[in-house]
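Structure first, then comments.
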Amino acid sequence: MSKLQTLSGAFDWRAEAIDWPVTTDVGPGLAGVVAAETRVMWLDPSSGELAYRGVPIDALASSPDFEATAHLLITGRGPEEDPGGLANFRHQVRSSRLLPPDVVDLVRSLDPATHPTRILRAGVSALGCHELSVDDDLSGSRQWRELRIVGQVASLVGEICRHRNGLGSRAPEEGCSLSEGVLAALNDRRPEPDEIRALDLLWVLYAAHGLDAPTFTSMVVASCLADPYYNIVAGLSALRGPKTGGASESVLDQLLPLDNPGAAEAWVRKAIDSGETIAGFGHRAYHMPDPRVVILRKEVAAMARSRGRSELFEIARTVESAVTRELAPKGVFINVNFYGALLFHLLGAKPPLAPCLIAVGRMAGMAALVSEALDNIRLYRPLSRYVGVGDRTP
Amino acid sequence: MIGNGPVCAEQTYGRGLAGLVVGDTAISEVDGIRGRLLYRGYPVEQLVGRTSFEEVAYLVLFGEMPDASRLADWTAELVRWRHPPEAALDALQRVPARAHPLAQYRTMMTVAACHIPEPENTELDAQWRRPARILSWTAGLAAYAIRHLQGLAPVAPRDDLGYAANFLYQTLGEPPSEEALEAFEASLVVQAEHGLHAAAFAALIVISTGADLGSAVLAGMGALSGARHGGANQLCFEMLARLEGPEHARVWALEALARGHRFPGFGHRVYKCPDPRVRSLEPYAEALLASRGQKKLWHTYLALREEVEGALGAKGIYANVDSITGLLYHPIGLPVSAFPIPFCLAIQTGWMAHCLEYLPDGRVIEPGAVYIDPE
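Chains P and W are the protein sequences, given in the same order.
Using the working numbering, you'd call the opening residue of the first sequence number 21 and step up by one each time.
Using the working numbering, you'd call the opening residue of the second sequence number 2 and step up by one each time.
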């Protein structure tokens, strides 16, 4: 039996193995609970280190390539280690973007004003019906499906962007990368190289983040041996929550109406005084600024400058400093959604599309963490303590 | 309530969070040692046969048995939502018939969820509108899906029928017999809530992110669709149907036991004693099967249960609720692939109750993972 002081500041979440059962601290929202063992990623709340399969996030972000990162997360092999495998992987995810016409019809039959995450969920569900039949054995290896899911979700998100923007259906150009395909759908034009780079970067940074609520939901559902498309439907149901991926949408809703840094400063003061939630701040995992923020801030600054939107960056910077000044002493720091949402916006996404775009990146980590967990999983079935009324009779 | 537990405490638990207490609840007491299940303090076996599903759903969701006027309002609200969005019904035309029925049903639900208005009103009237809409829409969608599966035309709902009767009417195309209705209603009553099982837990994680109730129910459904969870009543029935009779059941069970075989419908993470829901439903199954001339199936079940419990009871393995519900749904006339559906309809009540209980100030549920170095 292992005994772990998981909520103490300096606790190291690395281990050689867990000797079940385990004794740990348990905080609200299951903070401190060890719900899984993983080789997929490494997240250290005390040092702010984040690595996928042992590769530090900074290294992956320096020349971002989402497909290679997805391959790394899912298979554990880097591009140098397995160039053939990566080429094959790219081919598979890209070619799985061709959606059945029925699925495209279903997406297009929905009101374009419907929240994009709801449409995405319906699309994934319908895809699952085409992908799996009642006779499929789901107990065996599912990896091919997870690879397909990454490409399929990217393709669906592209369709949803077009539908939302009043454009007709168009499949991604054959052979282009996932990010090129989604950007072309989003803006209805060939994307610029810096846009492709930025979207790859966003997806790399959003790809995996431990057992956040969407991933953990997916894992609980997978532990019941549901079909992989149901895992994704469930994960997407959590992803849109305003306390997780949905926060990206709220960030834009809050930032975009601010006209100048002065207005931003005033808004922050008012929001903090009235106890309003400021989206893009606060994270369970870190007791320090999220390591992905530094990378994204730089990217947003560059993109805003080149697009003549420097004022937007200045406004964001002002909000960041004002909130940090007020809340950092209370342990509330900026998180990935703040600059992440801004970068999605600079790439052409309206606020409601942001959570959906996050989903594409997140599919890679979800696929990796969930399929890893399936090897050695036990049904997630915790307990609750009854504190209600005593026996009574009808 | 759940989410408002002690700020930090030390706990010991196993894989799958076995033994971990997530928080406090006032909804149900699942006592796995004494084999008791209570909804808001009422033992479930006392509710069976006395209360309708509507009453039990109200009790589970809102904490008290409804008086006549509240029950009338609640019933009217449930009736109001018996027509799911057309688009959700149409979705079925866009998925292949060979897809798993639960995947088809899921697709209808995801499309229906696109028609839930947002942002959701959180005022009191909305508090019960949201669960009522989900309970009734899903029943309508499920009935439609089951008929579609059999190549049958849909049947419009009948406002004069209760929840259980209308579901069977819309599914079977004719009002159920009295005994079929009683048995079906009993199965909904005993399956309306069951603590923090995996599906309820999945729903709770989703609601903890601030997502809507429909999203939480979808995640719960996902968990339920898995073979380890809600699909078990179908698997158990198929196992029973393959056996030729009580004698064959005994011989096969002994042989399977010797091989270390695991039996769907037997064993439970919480109950280490006979499942109280099984005892409540067995009389209905026996009567219903006898009246349909299927006594042999009943005795096959009894023989299998005796053998398995005789061998494994000492290890705490007994028949669970999934072993018995198929023996109700088969004589009622539901197709085998639809067996998980009534469980889904009933148990989502409990998930929604847990979600409503968690909502006020529950924290996002995000546990940690230990990183194992590949070396």
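The beta-carbon is built from N, C-alpha and C at its ideal position, and this holds for glycine as well.
The beta carbons of A242(P) and I397(P) sit closer together than 8 Å. Legend: CB atoms of the segment 56–80 of chain W lying less than 7 Å from CB atoms of chain P belong to residues M66. Closest option to D122(P), judged by alpha-carbon separation, among G143(P), D131(P) and A107(P): G143(P). Taking the CA atoms as reference points, G104(P) sits about 21 Å from G385(P). Take R260(P), set aside five residues on each side of it, and the residues of its chain with a beta-carbon closer than 6 Å to its own are T137, G266 and P375, in chain order. Burial is judged here by how many other beta carbons sit within 10 angstroms of a residue's own beta carbon; T301(W) has at least 16 and is buried. Nearest CB-CB separation between H111(P) and chain W: not below the 8 Å threshold. Chain-ordered, the chain P residues with CB closer than 9 Å to the CB of L197(W) read R401, P402, L403 and S404. Looking at the DSSP output, Y14(W) bridges to V42(P).
Check the Cα spacing between E308(W) and each of T326(W), F264(W) and M109(W): the tightest is with F264(W).
Counting other Cβ atoms within 10 Å of its Cβ, C9(W) stays below 16 and is therefore classed as exposed. If you compare the alpha carbons of V113(P), L399(P), A227(P) and E69(P) with that of S175(P), the shortest gap goes to V113(P).
Against V207(W), the close residues of chain P are A233, T237, A254, S257, A258 and G261, in the order they occur along the chain (beta-carbon pairs closer than 8 Å).
Residues of chain P whose Cβ lies closer than 9 Å to the Cβ of L48(W) are, in chain order, P414.
Here D310(P) is buried. Its C-beta has 16 or more other C-beta atoms within 10 Å.
Taking the beta carbon of E239(W) as reference, no residue of chain P falls within 7 Å; the closest one sits roughly 13 Å away. Taking 8 Å as the cut-off, the beta carbon of R117(P) is found closer than this to the beta carbon of G201(P). Per the Cβ contact rule, the segment 268–278 of chain P is in contact with the segment 290–303 of chain P (3 or more Cβ pairs under 8 Å).
For L282(W), no Cβ of chain P is located within less than 8 Å of the residue's own Cβ.
Nearest C-alpha to E151(P) among V96(W), Y164(W) and H149(W): V96(W).
Not a single C-beta of chain P is nearer than 8 Å to the C-beta of S188(W). Taking a 10 Å sphere around the C-beta of H262(W), we find fewer than 16 other C-beta atoms and assign the residue as exposed. D232(P) counts as buried, since no fewer than 16 other beta carbons sit within 10 angstroms of its beta carbon.
The contact set of V75(P) on chain W, defined by CB atoms closer than 7 Å, is empty, because the minimum CB distance reaches about 12 Å. Going by beta carbons, G223(W) and V253(P) fall inside the 8 Å limit. The residue among Y372(W), G363(W), I348(W) and L335(W) with its C-alpha nearest the C-alpha of E55(W) is I348(W). For K23(P), the enclosing beta strand (DSSP E) stretches over residues S22 to L24. Scanning the segment 75–145 of chain P for uninterrupted alpha helix (DSSP H) segments of 4 residues or longer gives 77–82, 86–95, 103–115 and 121–129, listed from N- to C-terminal end.
Within the same chain, and ignoring the five residues on either side of L303(W) in sequence, the residues whose Cβ sits closer than 8 Å to its Cβ are P247. D32(P) carries a coil assignment under DSSP once its states are collapsed to helix, strand and coil.
Contact with chain P is found for Q105(W), since one of that chain's Cβ atoms lies less than 8 Å from the residue's Cβ. Approximately 10 Å separates the beta-carbon atoms of A113(W) and W82(W); this is outside 8 Å, ruling out the contact. Shown here, Y400(P) sits in coil according to DSSP, grouped into three states, outside any helix or strand.
For N251(P), a Cβ of chain W is located within less than 8 Å of the residue's own Cβ.
Taken in chain order, the complete alpha helix (DSSP H) segments of 4 residues or longer contained in the segment 140–178 of chain W are 164–173. Rounded to the nearest whole angstrom, the CA to CA distance from S324(W) to Y285(W) is 14 Å.
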